[in-house]
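**Q**
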Amino acid sequence: MPLHTLSTTPIAGQKPGTSGLRKKVTLFAQPAYLENFVQAIFNAVPGLSGATLVLGGDGRYLNERAVQTILKMAAAHGVARVLVGRMGLLSTPAASHLIRRYGAAGAIILSASHNPGGPDGDFGIKFNTANGGPAPEALTDAIYAASQCLSEYRISDAPDLDLNLLGEQRLEAMRVTVLDPVADYAQLMQTLVDFDAIRAWIDAGHRLRLDALHAVGGPYAIRLFEDLLGAQMNSVRNAAPQPDFGGGHPDPNPAHCPELLAAMSGPGAPDFAAAFDGDADRNMILGRDCVLTPSDSLAILAANAELIPQFKGRLRGVARSMPTSRAVDVVAEALGFDCYETPTGWKFFGNLLDAGRIQLCGEESYGTGADHVREKDGVWAALAWLNLLAVRKQSVAEIVHAHWARFGRHFYSRHDYEGLSVQAGEAVMQRVRDQLPSLAGSTLAGLRVRSADDFAYTDPVDGSVSQGQGLRIVFESGERLVLRLSGTGTEGATLRVYLERYVADPALHGQDTQQALAMLIAAGDVLGGIRTLTGREAADVVT
Ligand code: G6P
Ligand code: ZN
């Protein structure tokens, strides 16, 4: 089949955000929108010709069509081999593993993560590098720059491949291997957590509920929890990936999973539950009558790392993103391992993981992961938690309460103001930024400020500096307030206000989170003038 070089012109705005290029499907469906961005990847990433590439996505609307297009463009760029998930499906952590397992030069992953899908939803595309992790900023900047000076793209006009057929096919001179998306990943999981202990715990009558939210986590969860660990059939709900995620919002947090929360309350509820997002890298963990914050989940995994084979005798360091609560810092301090604070975005963990400085990391945005891949990993997090339950022989709530009793509790909540105009979002940030130099020593809603700054990060491995990563205000009595604008939205601006308060006394650990944070919420409003500048009386989403 002939290869074509088609002329094109740059399309404005193809700038990758926190996690790749995410835009409305209606934009991606425009002529050459996807092709231009993929061409920019081939122009900006060195060494793809002659190399192996991993390809797949979360199954959302446009996924399969995009896979077919990218295969044809890869063939036109001399890629030697593409490993593609059956039906074009791959979870983000599974893609990360495949890169590492098969020595690929990188992956093109199609996902807008937890954003809704379908014809009116979002689509996304990102490039991961040879270490398995998201492209660093220098590379995404280069891809963007390439997208802004294109004059042509190259593509084969070979017919579509049959992506349902496992095994080898050819597209021009390129080998295409259609893989079972789950097999390699499932094998890896069995080397990390104690499957025998979990199996015995399930055999003893414990019940699980996993919610894949109609996204790509379904096939992974069925294989691992039902087939390999013996959980009852139907333990995995909403398991078939749908192009529109069943019309839902595939974001595993209390606001978007009311059904799961209801199923986990009361004496008849299962012992453990987890939900995963669109591309199965995020997770939410629940026990009976107990919803965990991701910050606590990270701290508890760190405190119990010795019980998980993956970490036994080798946990040297942990990391969290800046807005994530400092619960894990307290554990690291007490148990004597290093703790790093990075900007928001999984890519910042990559260097620390590659250098062996950390083995475990997490973010408040329902991301938890470790050094087995270079992405956060939702299914892995659920397995690691089951490992703890099985070995400690305690319920989720018992483990959480024992943790707080030992280390103290970090009450934590995030208030999101979604769909603001860009001006309103920036006005709040600017108002706080302007006050930063004079805040220390002043009092806000009865709380005295100890320090205030705009978070900047110097990567300890390569020395690169990232500025402007969020405004943080720490109070004398240990509370902390963080404000930043989301980097993953596709419309307007989303203001995130992160609230955290440390309470050592176990007698006070039973308070309601929003009540425990009430003074801090008021301080945030005074400081940011949020109600006045956004016209909103309250946050749209509280997690
Ligand atoms: C993606 C990244 C995460 C990051 C999150 C932040 O999910 O993979 O690493 O924490 O975005 O999103 P935000 O909307 O707060 O910028
Ligand atoms: Zn995701």
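Residue numbers (my numbering): 1 to 543. Every residue gets a Cβ at the ideal spot worked out from N, C-alpha and C, and that includes glycine. From a predicted model like this one, the values you see are computed outputs, not experimental measurements.
What are the boundary residues of the beta strand (DSSP E) that includes methionine 174?
**A** Note, methionine 174: beta strand (DSSP E), 174 to 179.
**Q** Between alanine 186 and the rest of its own chain, which residues show a CB-CB distance below 7 Å, the 5 nearest in sequence each way excluded?
**A** These residues qualify, in order along the chain: Arg223, Leu224, Leu228.
**Q** Kindly give me the distance between the Cβ atoms of glycine 544 and proline 181, rounded to whole angstroms, as I take these residues to be in contact under 8 Å.
**A** Past the edges of the chain, shown from 1 to 543, lies residue 544, and the structure says nothing about it.
**Q** So is the beta-carbon of histidine 249 under 7 Å away from any non-hydrogen atom of the ligand ZN?
**A** For the ligand ZN, not one heavy atom lies less than 7 Å from the Cβ of histidine 249.
**Q** Using only alpha-carbon positions, find the residue among Gly132, Gly246, Ile99, Leu27 that is nearest to glycine 117.
**A** The option with the nearest alpha carbon to glycine 117 is Gly246.
**Q** Can you pull every residue whose C-beta falls closer than 5 Å to some heavy atom of the ligand G6P, listed in chain order?
**A** Working through the chain, the matches are Thr18, Ser19, Thr344, Gly345, Trp346, Glu363, Ser365, Ser486, Gly487, Thr488.
**Q** Report yes if the C-beta distance between leucine 192 and histidine 372 is below 8 Å; otherwise report no.
**A** Yes, these two residues count as a Cβ contact at 8 Å.
**Q** How big is the Cα-Cα spacing for alanine 440 and alanine 370?
**A** Distance between the alpha carbons of alanine 440 and alanine 370 is about 36 Å.
**Q** Proline 242: which of Ile143, Ser477, Pro119 sits nearest, CA to CA?
**A** Reading off the sequence shown, one finds glutamine at residue 242, where the question assumed proline. Closest option to glutamine 242, Cα to Cα, is Pro119.
**Q** Please give me, in chain order, every unbroken run of the beta strand (DSSP E) with length at least 3 that falls completely inside the stretch 191 to 264.
**A** The stretch 191 to 264 contains these whole beta strand (DSSP E) runs: 208 to 211.
**Q** Cβ of histidine 114 within 7 Å of any heavy atom in the ligand ZN?
**A** Because some heavy atom of the ligand ZN lies under 7 Å away, the Cβ of histidine 114 counts as near it: yes.
**Q** For lysine 312, count neighbouring Cβ atoms within 10 angstroms of its own Cβ and tell me buried if that reaches 16, exposed if not.
**A** Exposed, since its Cβ has fewer than 16 Cβ neighbours within 10 Å.
**Q** Is threonine 92 near the ligand ZN, judged by its Cβ being under 7 Å from some heavy atom?
**A** Correct: threonine 92 has its Cβ closer than 7 Å to the ligand ZN.
**Q** Using 8 Å as the threshold, is the C-beta distance between glutamine 514 and serine 413 below it?
**A** Taking 8 Å as the Cβ cut-off, glutamine 514 and serine 413 qualify as a contacting pair.
**Q** Can you check DSSP and say which residues form a bridge with alanine 370?
**A** Partner(s): Leu360.
**Q** Would you say glycine 356 touches the ligand ZN, meaning its beta carbon is less than 7 Å from a heavy atom?
**A** The answer is no for glycine 356.
**Q** Going along the chain, which residues of its own chain have a beta-carbon closer than 6 Å to the beta-carbon of alanine 397, five neighbours each way excluded?
**A** Excluding positions up to five away in sequence, the list reads Gly287, Cys290.
**Q** So what does phenylalanine 127 bridge to, in DSSP terms?
**A** Answer by DSSP bridge pairing, in chain order: Ile108.
**Q** Using a Cβ distance threshold of 8 Å, determine whether the stretch 135 to 151 contacts the stretch 265 to 283, with at least three qualifying pairs required.
**A** The stretch 135 to 151, when compared against the stretch 265 to 283, does not touch it at the 8 Å Cβ threshold.
**Q** In this structure, does DSSP put glutamine 557 in helix, strand or coil?
**A** Not covered by the structure: residue 557. The range shown for the chain is 1 to 543.
**Q** Hey, is glycine 492 close to the ligand ZN, as in C-beta under 7 Å from one of its heavy atoms?
**A** Checking every heavy atom of the ligand ZN against the Cβ of glycine 492, none is found closer than 7 Å.
**Q** Out of Tyr498, Asp377, Val541, Trp385, point me to the one whose CA is closest to alanine 522's CA.
**A** It is Tyr498.
**Q** Who pairs with isoleucine 285 in a beta bridge, going by DSSP?
**A** For isoleucine 285, which the question treats as bridged, DSSP gives the partners Ala274.
**Q** I'd like to confirm something about arginine 282: is its beta-carbon nearer than 7 Å to some heavy atom of the ligand ZN, or not?
**A** Answer for arginine 282: yes, Cβ within range of the ligand ZN.
**Q** Can you give me the start and stop residues for the alpha helix (DSSP H) that leucine 83 sits inside?
**A** First-last for leucine 83: 81 to 89, but that is the beta strand (DSSP E), not the alpha helix (DSSP H).
**Q** Where does the unbroken alpha helix (DSSP H) through arginine 320 begin, and where does it stop?
**A** It is not in any alpha helix (DSSP H) - arginine 320 instead sits in the beta strand (DSSP E) that spans 317 to 321.
**Q** Go ahead and label leucine 53 buried or exposed: buried means 16 or more other beta carbons lie within 10 angstroms of its beta carbon, across all protein chains shown.
**A** Label assigned to leucine 53: buried.
**Q** Using 8 Å for Cβ pairs, my map puts alanine 299 next to histidine 403. What's the rounded Cβ distance?
**A** Sure, about 7 Å apart at Cβ, within 8 Å.
**Q** In three-state terms, what does DSSP make of glutamine 310?
**A** Note: glutamine 310 maps to coil in three-state DSSP.
**Q** Output needed for lysine 72: all residues of its chain with C-beta closer than 8 Å, excluding positions within five of it in sequence on either side, in chain order.
**A** Taken in chain order, the residues that qualify are Ile155, Ser156, Asp157, Ala158, Leu171.
**Q** From which residue to which residue does the alpha helix (DSSP H) around arginine 170 run?
**A** Element bounds for arginine 170: not the alpha helix (DSSP H) but the beta strand (DSSP E), 167 to 171.
**Q** Does the beta-carbon of glycine 278, which I'm using as the reference point, lie nearer than 7 Å to any heavy atom of the ligand ZN?
**A** Correct: glycine 278 has its Cβ closer than 7 Å to the ligand ZN.
**Q** With distances taken between CB atoms, is the gap from glutamate 375 to glycine 133 smaller than 8 Å?
**A** Yes; because the gap between Cβ atoms is below 8 Å, this pair is in contact.
**Q** With distances taken Cα to Cα, identify the nearest neighbour of alanine 40 among Ala66, Asp141, Ala29, Met87.
**A** Measuring from the Cα of alanine 40, the nearest candidate turns out to be Asp141.
**Q** Measuring alpha carbon to alpha carbon, tell me which residue in Gly268, Val67, His77, Thr368 is nearest alanine 44.
**A** Looking at the Cα atoms, His77 is the closest of the given residues.
**Q** On the DSSP bridge assignment, give the partners of valine 542 in chain order.
**A** DSSP lists His415 as partners of valine 542.
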